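Input: a single structure, listed below in structure tokens.
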Amino acid sequence: MKTIITIQHAQSEQHLNGMVGGWTDWNLTELGRKQADCIGRRLLKELGENPPFKAYTSDLKRVYQTADIALGHLGLQAERRKELREIYFGSATGKSNEWMEAHKLPREGLSNFDYRNLADAESERDVYQRISPFVTELEKSPEENFIVASHCCALTMFFARWLDLDPAQMEKSRF
């Protein structure tokens with residue numbers, strides 16, 4: 023049986039400045055660095071130094087900074103993976119949350135799983151499909167223990183794929 027520990031990135035600048043997260047590359051705040059340190063100290067207490075875990079992280083700063091700090095306590099380094107990025111918000115990238123809210127598309131009966139905020143943005147289904155090959159890689163790996171550091175939507179879709187939930191179940195599920 024595989025053991026997977028997931029880490030969602032700590033507080034980053036976009037949490038405070040009203041800007042869209044998504045694929046923007048924000049640094050951790052001072053509080054975020056302290057949060058990442060707390061995660062690392064807790065993992066060290068639970069797992070000890072140099073535990074037999076393979077670690078992966080999104081290639082966006084706020085996640086790999088969180089992972090670098092936290093995993094440093096364990097003596098581990100994470101492999102950066104683009105497929106672990108947050109949902110892509112298309113033309114809202116680099117803009118404010120207020121701008122995205124003012125320009126988002128109507129739902130027109132679409133499920134949360136298939137809805138795109140903007141025409142050039144990803145849906146949750148897109149994120150699910152992007153993450154699926156990575157999950158398959160973990161399933162087939164001879165390794166048994168993993169730490170995966172990522173973002174809110176990406177981790178939700180990671181869990182959905184790991185549990186083989188179908189899209190209809192995602193309407194009633196959040197992780």
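All you need for our numbering is the position in the sequence shown, starting with 1, plus 22. Every residue gets a Cβ at the ideal spot worked out from N, C-alpha and C, and that includes glycine. In this text the structure is predicted, and so the values were computed from the model without any measurement.
Annotated as distal: Ile153 and Phe135, with beta-carbon spacing of 8 Å or more.
Membership of Ile91 in the alpha helix (DSSP H) is indicated by the continuous run 83 to 94.
Here the stretch 100 to 117 lies against the stretch 140 to 150, with 3 or more beta-carbon pairs under 8 Å apart. Pairing Leu69 with Leu96, the inter-Cα distance amounts to about 8 Å.
The stretch 80 to 98 and the stretch 111 to 129 do not touch, with fewer than 3 CB-CB distances between them shorter than 8 Å. Spanning the alpha carbons of Asn119 and Trp48 requires a straight line of approximately 14 Å. Just measuring C-alpha positions, the residue of Glu35, Gln191, Asn39, Thr46 sitting nearest Gly116 is Thr46. Every alpha helix (DSSP H) stretch that sits fully inside the stretch 75 to 156 and reaches 4 residues is listed by chain position as 83 to 94, 119 to 125.
Remark: C-beta atoms of Ala58 and Ile91 approach each other more closely than 8 Å.
Close CB contacts of Cys175 within its chain, under the 7 Å cut and outside five residues either way in sequence, are with Glu108, Ile109, Glu146, Val149 (chain order).
DSSP lists Val170 as the bridge partner or partners of Thr28.
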